[in-house]
Amino acid sequence: TKPGQLQSTRKLRRVTEKLCGTSFSKDQVSRMTQALDEELALWRRRPLTKRYPYLVIDARYEHVREDGQVENDAVLHVMGIDEEGYRDMLSVGVAPGEEEESWGEVLRDLLDRGLDAEAVRCVVSDEHRGLGAAVQRYLPRAMCQRCQAHYQRNAGTKVPRKARAEVHARLRDVFEAPDFDEAWGRVLKLAKEWEGRFPEFIEWMLETIEESLTVFHLPGGRRRRLRTTNGLERYGQEFKRRSRVIRIFPNRASCLRLATALGMEQSEEWLTGYRYLDMSVSEQGTRQEHARELEEVVV
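Counting in this note's numbering, the sequence shown runs from 322 upward without gaps.
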């Protein structure tokens with residue numbers, strides 16, 4: 322049974338009848354759902370025995386019915402990259418929002434399950450509300466890298482539509498710099514050239530862009546993978562594809578059920594698949610690789 326078909330007892334009953342060629346009572350379906358939920362909960366609570374130098378964190382919103390009202394709940398997920406360069410889905414959860422308390426619960430749970438806070442070198446994410454404060458509190462030694470693809474999208478909203486392509490190109494030039502000093506020099510050059518043309522954008526950029534340049538302090542050969550949340554967003558795209566047919570989850574538990582089932586499926590694929598990061602390589606990727614990575618997610 323696909324995870325997307327497990328969002329309610331009623332739908333599960335229809336699916337099992339079709340698959341098995343026999344009818345099931347409501348109680349039988351409820352027991353099957355309970356058994357599934359217990360298995361999924363065991364996976365969410367599994368001990369973390371590896372060290373994860375890099376975490377990639379993201380959130381997406383889904384409509385969930387709670388107490389007779391439709392709420393916009395956040396599905397929070399954390400991907401870890403271990404010392405051998407393989408990905409694993411470390412955490413999946415559903416919360417009313419992205420406040421510091423919600424992210425704090427996620428990080429506390431990871432630490433309780435064995436995450437080595439001292440080993441986490443960098444956290445890659447978009448600018449999620451409350452996440453930065455939670456990372457500072459629970460992972461104080463970790464650097465924070467703001468997703469460059471999301472940053473470019475946000476930058477496009479700060480200028481007239483006809484100037485967005487030009488803004489994306491200039492920011493891409495910054496992000497493709499060979500090192501931090503060169504990148505910052507290109508930022509200052511852009512600020513000088515455009516301070517009279519787009520003053521509000523330049524003010525915003527100077528206040529925020531350094532958050533997206535943290536990756537320059539990491540080994541060059543790992544920067545292309547760690548400069549965006551792309552490695553995790555593809556899981557989000559699959560979640561979106563499955564949840565689109567549901568539209569409104571009947572409750573928070575059903576949303577968590579789908580998110581966890583997909584997380585388990587994705588983890589198995591990652592752990593038995595290719596190495597995401599070559600942890601032995603330190604040379605910088607080519608400009609063509611950098612440009613292609615950003616083009617895929619910004620345009």
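Positions of the beta carbon are idealized from the N, C-alpha and C atoms, including for glycine.
- Within 10 angstroms of the beta-carbon of GLY414 lie 16 or more other beta-carbons, which makes it buried.
- Here GLU404 carries a coil assignment [DSSP, helix/strand/coil].
- Under the three-state reduction of DSSP, SER564 is assigned to helix.
- Taking all protein chains in view, the Cβ of ASP500 is surrounded by fewer than 16 other Cβ atoms within 10 Å, so the residue is classified as exposed.
- Taking a C-beta distance under 9 Å as the contact criterion, GLY418 and ARG450 qualify as a contact pair.
- One thing to note: MET410 has its Cβ no nearer than 9 Å to the Cβ of ARG442.
- At least 9 Å separates the beta-carbon of PRO374 from that of GLU421.
- When the Cα atoms are used, LYS371 and ARG467 turn out to be separated by approximately 25 Å.
- C-alpha of SER423 to C-alpha of ASP430: approximately 11 Å in a straight line.
- The segment 374-387 makes contact with the segment 551-561: 3 or more CB pairs, one atom from each, lie closer than 8 Å.
- Note that the C-beta distance between ARG434 and ARG367 is below 9 Å.
- Linking LEU397 to SER412 through their CA atoms gives a straight-line distance of about 8 Å.
- With a cutoff of 9 Å on beta-carbon distance, ILE530 and LEU452 are scored as not near each other.
- Nearest neighbour of ASP388 by Cα position, chosen from PHE570, ARG474 and ILE402, turns out to be PHE570.
- DSSP places ALA498 in the coil class of the three-state scheme, outside both helix and strand.
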